[in-house]
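Q: One structure, as structure tokens, below. Some questions next.
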Amino acid sequence: MGEVQRGPEQRKRFVGKYIFSVDHKVIGRQFYFLALFAALVAMLLSWVMRLHLGWPNVQLPLLSTLSPAGAPGGVLTPEYYLSLLTIHGTLMIFFVLTVAPQAGFGNFLLPLQLGAREMALPRLNMLSFWTTFAALGVLLSTFFISDGPPITGWTAYAPLSAAGSITGPGEGMGQSLWILAIALFCLGAVLGSVNFIATTLGSRARGMTLHCLPLTCWAWFLTAVMILLSFAVLLAACLLLMMDRVGGTSFFLPAGMVISGDLIHRGGGAPLLWQHLFWFFGHPEVYITILPAMGIISHILSCFSRKPAFGYQSMIYSMMAIGFLSFMVWGHHMFVSGMNPYTGFAFAVLTMAIAVPSAVTIFDWLGTMWGGKLRFTTSMLFAIGFVSVFVTGGLSGLFLAQPPLDVYLHDTYFVIAHLHMIMGLAGTFAIFAGTYFWFPKMFGRMMSELLGKMHFWLTFIGAYAIFMPMHFLGFEGNPRRYAALTDNFLKPLIPMHRFITIAALITGAAQLLFVSNFFWSMFRGEKAPDNPWEGTSLEWTVSSPPPPENFSGGTPVIYHGPYEYGVPGSEKDYVMQNSPEKIAGG
Amino acid sequence: MGLAIAVVLTLITAVSVSLISAHFWWFPVDVATHGPAIDHLFTLTFIFTGAIFVLAQLGLAYLIWRYRDRGQGGKATYLHEPAMLQVTWTLIALILFVGLAFMGHRTWAHMHYTGAQPGALRIEVWGEQFAWYFRYPGPDGRFGPIHPSLMDDSMGNYLGLDRPHDQASKDDIVTATLGIPADRPVQLILRSKDVIHSFFVPELRMKQDLVPGMEMPIHFTATEDALNHDGGRYEIVCTQLCGMGHYKMRAFLQVMTEKKFEQWLKQEAAMQ
Amino acid sequence: MGSAVLTPPKAKPPEDSTPPPGKGNDGPGGSGGSGGPGGSGRGGRRHPPNWSLPPGAYRIAIWMGIVSISMLFAALTSAMLVRAEIATDWVHGAIPSILYFNTLVLILSSLTLEFSRRSLRKEAEKGFTGWLYATTALGIIFIAGQLLAWRQLAAHGIYVTTNPSSSFFYVLTAAHGVHLLGGVLALFYLVFRSRKIFGTPQKRIAVDVTAIYWHFMDVLWIYILILLKVKL
Ligand code: HEA
Ligand code: HEA
Ligand code: CUA
Ligand SMILES: [Cu+2]
Chain A
850 MGEVQRGPEQ
860 RKRFVGKYIF
870 SVDHKVIGRQ
880 FYFLALFAAL
890 VAMLLSWVMR
900 LHLGWPNVQL
910 PLLSTLSPAG
920 APGGVLTPEY
930 YLSLLTIHGT
940 LMIFFVLTVA
950 PQAGFGNFLL
960 PLQLGAREMA
970 LPRLNMLSFW
980 TTFAALGVLL
990 STFFISDGPP
1000 ITGWTAYAPL
1010 SAAGSITGPG
1020 EGMGQSLWIL
1030 AIALFCLGAV
1040 LGSVNFIATT
1050 LGSRARGMTL
1060 HCLPLTCWAW
1070 FLTAVMILLS
1080 FAVLLAACLL
1090 LMMDRVGGTS
1100 FFLPAGMVIS
1110 GDLIHRGGGA
1120 PLLWQHLFWF
1130 FGHPEVYITI
1140 LPAMGIISHI
1150 LSCFSRKPAF
1160 GYQSMIYSMM
1170 AIGFLSFMVW
1180 GHHMFVSGMN
1190 PYTGFAFAVL
1200 TMAIAVPSAV
1210 TIFDWLGTMW
1220 GGKLRFTTSM
1230 LFAIGFVSVF
1240 VTGGLSGLFL
1250 AQPPLDVYLH
1260 DTYFVIAHLH
1270 MIMGLAGTFA
1280 IFAGTYFWFP
1290 KMFGRMMSEL
1300 LGKMHFWLTF
1310 IGAYAIFMPM
1320 HFLGFEGNPR
1330 RYAALTDNFL
1340 KPLIPMHRFI
1350 TIAALITGAA
1360 QLLFVSNFFW
1370 SMFRGEKAPD
1380 NPWEGTSLEW
1390 TVSSPPPPEN
1400 FSGGTPVIYH
1410 GPYEYGVPGS
1420 EKDYVMQNSP
1430 EKIAGG
Chain B
1342 MGLAIAVVLT
1352 LITAVSVSLI
1362 SAHFWWFPVD
1372 VATHGPAIDH
1382 LFTLTFIFTG
1392 AIFVLAQLGL
1402 AYLIWRYRDR
1412 GQGGKATYLH
1422 EPAMLQVTWT
1432 LIALILFVGL
1442 AFMGHRTWAH
1452 MHYTGAQPGA
1462 LRIEVWGEQF
1472 AWYFRYPGPD
1482 GRFGPIHPSL
1492 MDDSMGNYLG
1502 LDRPHDQASK
1512 DDIVTATLGI
1522 PADRPVQLIL
1532 RSKDVIHSFF
1542 VPELRMKQDL
1552 VPGMEMPIHF
1562 TATEDALNHD
1572 GGRYEIVCTQ
1582 LCGMGHYKMR
1592 AFLQVMTEKK
1602 FEQWLKQEAA
1612 MQ
Chain C
507 MGSAVLTPPK
517 AKPPEDSTPP
527 PGKGNDGPGG
537 SGGSGGPGGS
547 GRGGRRHPPN
557 WSLPPGAYRI
567 AIWMGIVSIS
577 MLFAALTSAM
587 LVRAEIATDW
597 VHGAIPSILY
607 FNTLVLILSS
617 LTLEFSRRSL
627 RKEAEKGFTG
637 WLYATTALGI
647 IFIAGQLLAW
657 RQLAAHGIYV
667 TTNPSSSFFY
677 VLTAAHGVHL
687 LGGVLALFYL
697 VFRSRKIFGT
707 PQKRIAVDVT
717 AIYWHFMDVL
727 WIYILILLKV
737 KL
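Residue numbers (this note's numbering), protein chains in the order written: chain A, 850 to 1435; chain B, 1342 to 1613; chain C, 507 to 738.
Structure below.
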């Protein structure tokens, strides 16, 4: 294409190029920035939550201007705490971890790694982004309506979420907007996934057999399938919930409810039905957040170990098994809900079964490093950090998977520790690893390694400092979603909460290092070469950033698998996928 | 850098393991007869996961240190997929993990597959935003019917009883504290007036949701030992997000001797 | 970023000879000995070096969309079964008889759409557009008929909130209706673009894709009808 032309056309071009673009590289970056923005907002919310948990009476002057009702005099009300919690969880799970690793990196890299010019359906792709964008707008708009965001957490259990404003602040308009936002998000995610699948199946370069696909592509593909199957169910659930709220139906509202003294004239609904529908989506969803992360980590570990990804095939089979089994374990979130205990036990066994492929992935990552020549770039450090927190978080899952233990641990901070370790941290570590890795390709410049390493150390140590103690809170029986600790047995835990708050503030501040590194490098960083990390997959064969048509010389032709590092007898220690060089032995 | 991260990983492992084995922040005493089984299961799981935790984290640390690029040239080991090793590993993981699931089966069965023993003391536990009520059937051993339309907290008719008309309701006793005798099987029937709540007493190792429109029975026996801690008084907390007051929705469980319990119930009956 | 000087790509120009995707050279994924049978069979499906978007993509996409929509209705179905099972207040409602007429209309519309496609294959433009109009009209009649069915129910005093069974009736028909409306929009698109589509063979994929979707809506409707008819 060449330089941007200056002229009267320029404005229109800008809009077409960066706003309503159909270029997968632009859309990928748009998704990425959306996730980054959501993450920063959600992180700020977690700061306020943490401050309130450590010092319930602390005055935050800014807050009272932001929300006079939610924080009169700058002191958070209990209901506003729950509002912040809901938005924190919703943003993080949906708009950060479902967006960045899949829609962000996926959109940018999938065609590049497949050797395709574009996503299969570019306009659908654009639609997917703008739907997601609208969803984010609707979600955040709840902050600016009179009764504030909903207070039901990211799980929105009925009937609390179904009976309307009578059940509490935020349950009027706020909850309805939340449902609308999630419904829009479902739509956007499904549209994007359709595109991912069509692209992976239909737009691969010559020679790019399924056995030559990088693990990232496999992960994006399998995740897309899971999104397709699970988000539709959430959409159905949202539809029914919305009907209960505004249509006067009673899908989830049982007969004879008396809420704050008022008899609700509805009949016969099933509150547990919501939980079944929600978790049928919800459990696959947590793996939807982690599968792309697994792909990214495998990719990066292999590159910086200068060694073929150990167990390429077993990794694929594990991801398939995880994807498949994840639709059969939703009941493990409902052990104490009053579900049939025999069913509960069946869910426990299946849950343990899904831990097996997860353990295989860990083995594969360790195997990749074993015998390698490890290069400790920032990206690699975050990948290593990922393995560490994934093990920690996965092992706490083994407690929760046993019904008798979950009876004690359910809805305590132990679960909070589990979900942050394995999802919050592992997920964001993968995003960070991917960012440091692909930033040169995405923006044509290198990030600062020095700032990056500082960011890693503070985040890694900080992460353990925040979330390891939460396990202990769980042992003590500290329930989650508590706006303050007033019970006698909880009061002694306040110092621990303060420690966690301080750790969270420091760790959060460390993210500013990342953000400033990011934006500084975007404009001022060193110019990136085509293949700064000596990687083998196709994205490294093109310039940084890639030209609009991706492969300006025509379709690449693939001769090798994606992880030919350390090939004996080869001149360099890596053989690129499109290199016609023969590999002896193999 | 490789050394640094190996050291930090080792430190994290050491600190985590020692804090856990120091039991400094730990479970409260257990005062239910099924408690020891659960605690035992906890211990086993701690040992099992602890071993994997140490092995995996230290293994990671070792690999990082051992295989760091020492800048001496040469290449990494060219290795793809040793199939036998993988199959072995997968099978081991399968057996261990699924075995763990079956280990907990007996405890779970004891808690949930069977109902309460006959002759257990039956008590209804009611949750509402944001309070607890407990109902004893009184001398006739029967709970009177509930009329949602009559529920009125300001009149003190928390559960919507129609005492003038319903025979079975007449002697029902509604309390704000859950009083139980030690060493006698108790069956709780959990019910909710409005949204979902959850009944949790850490010392009983027991948690169950209260779902509106459903009746959830659970059963347990408090040990004699329950009388000895905190005067037999334990906090009942709500652990299912139920609205703005969720964090302060609590009541007390009072474990008493059989004699004291009878007295207490009489007192409460007189106050109805 | 836009002004960054783009270095010439290093990608090898495509060679005209077919590349060796098989194992002889590299082994699938370089996997020593465990390449698996799929090595160059299923995975080896290659595409011509064609820069334009592969037409197969639309077909895959529509099928994926169908999978997703099926999940949506599967979820609604299971909700209905659960709700009916626990309910003490479930009253099975008779379905308005106009639904049978609507069903007929919809089936007919699938047929007309097929006629249209056949004409397209035979390069008969008149038949193609004519049948397309007919299909669109039938689609609109179906939607009108559904609205009429709602009116009939309402006239009998059966609203969304009357009974859980009527709630599901309205939700299912509405959800189907919205999806069908999407199909009608696609038909409109075909009608307006019919000249262009007829003239450009590559564009005919749009007709195929719409047809797949439309027939699926047909099948889905029959499923819903049975679901509503059966006494739960
Ligand atoms: C990325 C997301 C993610 C992942 C991957 C997992 C993975 C697992 N989760 Fe988790 N989970 C969540 C996200 C996730 N979870 C979230 C968000 C919630 C809370 C939702 C809410 O209520 O808000 C939750 C809640 C949750 C519960 C419900 C708790 C409750 O509310 O009471 C349960 C119960 O079974 C559970 C279990 C498991 C198990 C067994 C795994 C397993 O798959 C873990 C498998 C991994 C391992 C077991 C590690 C193994 C490692 C090794 C074996 C290495 C050994 C190596 C050597 C020795 C060399 N999770
Ligand atoms: C992605 C998931 C994610 C992440 C990263 C976090 C990050 C944090 N969370 Fe969050 N949290 C949830 C998901 C997440 N959380 C969920 C699902 C819940 C449950 C909600 C519910 O109950 O309904 C929850 C609940 C929750 C609670 C429980 C409150 C309660 O139950 O009462 C607390 C309390 O301390 C908390 C604290 C924190 C803190 C201090 C951080 C952080 O500040 C830690 C420090 C920050 C980082 C390590 C990195 C930040 C990441 C980025 C800046 C990413 C950059 C993104 C791009 C580059 C695209 N969280
Ligand atoms: Cu009641 Cu929480
Ligand atoms: Cu789960």
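Every residue gets a Cβ at the ideal spot worked out from N, C-alpha and C, and that includes glycine.
Computed from a prediction, not measured in an experiment: that's the story for all the values here.
1. Return the residues of the stretch 1265 to 1295 of chain A that lie within a Cβ-Cβ distance of less than 8 Å from chain C, sorted by chain order.
2. What does the alpha-carbon distance come out to for the pair A/G1180 and A/A1197?
3. Between A/M1201 and chain B, is there a C-beta pair that is closer than 9 Å?
4. Give the DSSP-derived three-state secondary structure of A/R1329 in the structure shown.
5. Does the stretch 565 to 579 of chain C come close enough to the stretch 1094 to 1112 of chain A to have 3 or more Cβ pairs within less than 8 Å?
6. Relative to ligand 3, what is the chain-ordered list of residues with a Cβ closer than 5 Å to any of its non-hydrogen atoms?
7. By a C-beta neighbour count over all protein chains shown, 10 Å radius and 16 as the cutoff for buried, is A/L1121 buried or exposed?
8. Rounded to whole angstroms, what is the Cα-Cα separation between A/H1320 and A/H1267?
9. Any C-beta of chain A sitting closer than 9 Å to the C-beta of C/R589?
10. Assign C/Y719 to one of two classes, buried (16 or more other C-beta atoms within 10 Å of its C-beta) or exposed (fewer than that).
11. Can you name the residues of chain B whose CB is closer than 7 Å to the CB of A/W1003?
12. When DSSP labels each residue in this structure, what does B/N1569 get in the three-state scheme?
13. Counting contacts by CB-CB distance shorter than 9 Å, is B/D1503 in contact with chain A?
14. Does chain A have any CB closer than 9 Å to the CB of C/G571?
15. Please tell me whether, using a cut-off of 8 Å, the distance from the CB of B/H1446 to the nearest non-hydrogen atom of ligand 5 is below it.
16. At 8 Å on the CB atoms, spell out the chain A contacts of B/I1393, in chain order.
17. Between which residues of its own chain and A/G938 is the CB-CB distance below 7 Å, once the five residues before and five after are set aside?
18. Can you give me, in chain order, the residues of the stretch 656 to 672 of chain C that have a beta carbon less than 8 Å from any beta carbon in chain A?
19. Excluding sequence positions up to five away, which residues of its chain have a Cβ less than 7 Å from the Cβ of A/M1216?
20. For ligand 1, any of its heavy atoms closer than 8 Å to the Cβ of A/H1182?
21. Quick one: which chain C residues come within Cβ less than 7 Å of A/T1098?
22. Would the C-beta of B/L1360 count as close to ligand 1, meaning under 8 Å from any of its heavy atoms?
23. Are there any heavy atoms of ligand 2 lying less than 8 Å away from the beta-carbon of A/L1258, as far as the coordinates show?
24. What's the C-alpha gap between C/L693 and A/P1395?
25. Per DSSP, which one or two residues make a beta bridge with B/V1466?
26. On the three-state DSSP scale, how would you describe B/I1577?
27. Counting contacts by CB-CB distance shorter than 9 Å, is A/S1042 in contact with chain C?
28. Excluding the five sequence neighbours on either side, which residues of its own chain have a C-beta within less than 7 Å of the C-beta of A/A984, listed in chain order?
29. Tell me the rounded alpha-carbon separation between A/L909 and A/V924.
30. Under a CB-based cut-off of 9 Å, is C/V725 close to chain A?
31. Assuming A/T1227 contacts A/Y1285 under a Cβ cut-off of 8 Å, what Cβ separation, rounded to an integer in Å, is found between them?
32. Count the other CB atoms within 10 Å of the CB of A/P1405; is the residue buried (16 or more) or exposed (fewer)?
33. In the structure shown, what three-state DSSP assignment does C/G535 receive?
34. Give a yes or no on contact between the stretch 1323 to 1335 of chain A and the stretch 876 to 886 of chain A, applying the rule of three or more CB pairs nearer than 8 Å.
35. Please confirm if the stretch 1468 to 1486 of chain B is in contact with the stretch 1503 to 1517 of chain B, defined as three or more CB-CB distances below 8 Å between the two stretches.
36. For C/G538, which residues of its own chain have a beta-carbon under 7 Å away from its beta-carbon, when the five flanking residues on both sides are left out?
A: With the given structure in hand:
1. F1292 and G1293
2. 8 Å
3. yes
4. coil
5. no
6. B/H1538, B/C1579, B/C1583, B/H1587 and B/M1590
7. buried
8. 8 Å
9. yes
10. buried
11. Under the 7 Å cutoff, chain B gives no residues; its nearest Cβ is about 10 Å from A/W1003.
12. helix
13. no
14. yes
15. As for ligand 5, it is missing from this structure, which binds only ligand 1, ligand 2, ligand 3 and ligand 4.
16. V1240 and L1244
17. G1002 and W1003
18. V666, T667 and P670
19. Rather than Met, the amino acid found at residue 1216 of chain A in this sequence is Gly. Cβ within range, chain order: F1159 and G1160.
20. yes
21. V666, T667 and S673
22. no
23. no
24. 38 Å
25. B/F1475 and B/L1531
26. strand
27. yes
28. A1030, L1033, F1034 and G1037
29. 6 Å
30. no
31. 4 Å
32. buried
33. Its pLDDT being 32, under 50, C/G535 is placed unreliably in this model, and the value from its coordinates should be taken loosely. Residue state, collapsed to three classes: helix.
34. no
35. yes
36. Low confidence applies here, because C/G538 scores a pLDDT of 31, under 50, leaving its location unreliable; read the following figure in that light. Excluding sequence neighbours, C/G538 sits near nothing in its chain.
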